[in-house]
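In full-length UniProt numbering, the protein residues as written are 1 to 233.
Rendered as structure tokens:
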């Protein structure tokens with residue numbers, strides 16, 4: 001789908017190289033892509049192909065060796081780590097395979113955390129928004145439970161609520177169902193797409209699940225660090 005508005009994510013000549021015992025290893029090589037506002041894109045490829053590295057670069061979690069990454073109009077390669085973190089805090093949500101919940105915080109406190117770190121709202125408003133998100137994911141009766149007392153599916157629901165509590169412009173998801181059984185995974189994916197549609201965010205996800213990838217507007221295939229299909233959505 002073509003869009004005359006500036007892309008939410010635009011990448012040109014993106015490469016990532018690291019040093020190893022044999023010299024220099026190229027993880028990503030000259031990646032070009034453009035992703036429009038409100039679209040959904042799946043990044044697929046074999047294990048070790050570089051897809052999670054690409055996701056990390058798009059989100060500003062890692063630095064490129066070469067090339068340009070523009071996220072929400074900001075050139076990430078010109079920002080320092082603190083500036084990239086500030087951009088993520090204000091406009092980006094994450095869902096990880098391992099949930100990444102804080103074990104010493106309750107479900108409610110985990111969802112409240114991103115807003116509390118921003119310190120832009122009163123505590124009671126933050127709690128109210130977090131409770132609303134937990135209700136949306138079906139966990140209104142589990143707000144006081146710690147992660148260890150929640151099932152894997154429940155933990156991922158908390159992670160979804162946390163990702164959307166800031167109303168992000170972009171949601172990055174890395175194998176969001178990788179730690180779940182098939183039935184629970186499908187339920188989580190349905191919920192993620194439903195919430196993403198409701199919030200109008202741009203969705204970029206890494207997956208090995210072909211059925212999940214087909215639900216997205218477009219698919220990016222990575223093989224040995226190279227993009228094997230062009231993308232402009």
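Don't be surprised by glycine CBs; every beta carbon is placed ideally from N, CA and C.
Computed from a prediction, not measured in an experiment: that's the story for all the values here.
Distance between beta carbons of residue j and residue i, contact taken as under 8 angstroms
| i | j | result |
| --- | --- | --- |
| residue 192 | residue 160 | 6 angstroms |
| residue 45 | residue 28 | About 11 angstroms separates the two Cβ atoms, so there is no contact after all. |
| residue 189 | residue 212 | 6 angstroms |
Neighbour-count burial assignment, residue i, 16 or more Cβ in a 10 Å radius
| i | result |
| --- | --- |
| residue 225 | buried |
| residue 174 | buried |
| residue 147 | buried |
| residue 228 | exposed |
| residue 112 | buried |
| residue 240 | Here the chain has residues from 1 to 233 only, and residue 240 is not among them. |
| residue 48 | exposed |
| residue 1 | Model confidence at residue 1 stands at a pLDDT of 41, short of 50, so the residue's coordinates are unreliable and nothing is read from them. |
| residue 25 | exposed |
| residue 209 | buried |
| residue 22 | exposed |
| residue 151 | exposed |
| residue 6 | exposed |
| residue 216 | buried |
Beta-carbon proximity check, residue i vs residue j, cutoff 9 angstroms
| i | j | result |
| --- | --- | --- |
| residue 8 | residue 202 | yes |
| residue 196 | residue 40 | yes |
| residue 71 | residue 60 | yes |
| residue 221 | residue 177 | no |
| residue 108 | residue 68 | no |
| residue 156 | residue 184 | yes |
| residue 58 | residue 11 | yes |
| residue 31 | residue 205 | no |
| residue 131 | residue 89 | no |
| residue 258 | residue 179 | Nothing can be reported for residue 258, as the shown portion of the chain is limited to 1 through 233. |
| residue 168 | residue 93 | yes |
| residue 158 | residue 139 | yes |
| residue 153 | residue 187 | yes |
| residue 77 | residue 16 | no |
| residue 87 | residue 162 | no |
| residue 134 | residue 126 | no |
Per DSSP, cross-strand counterpart(s) of residue i
| i | result |
| --- | --- |
| residue 40 | 203 |
| residue 174 | 96, 206 |
| residue 135 | Residue 135 is not bridged to any residue. |
| residue 33 | 11 |
| residue 223 | 226 |
| residue 26 | 17 |
| residue 70 | 10, 75 |
| residue 218 | 41 |
Check: residue i C-beta below 8 angstroms from any heavy atom of the ligand ATP
| i | result |
| --- | --- |
| residue 218 | Within the structure as shown, the ligand ATP is missing, as the structure has no ligands at all. |
At 3 residues or longer, what runs of the beta strand (DSSP E) sit wholly inside the region 80-124? Correct list: 92-96.
Jot down the residue ranges of each uninterrupted beta strand (DSSP E) in the region 139-200, minimum 3 residues, whole runs only, in chain order. Listed in chain order, they are 170-174.
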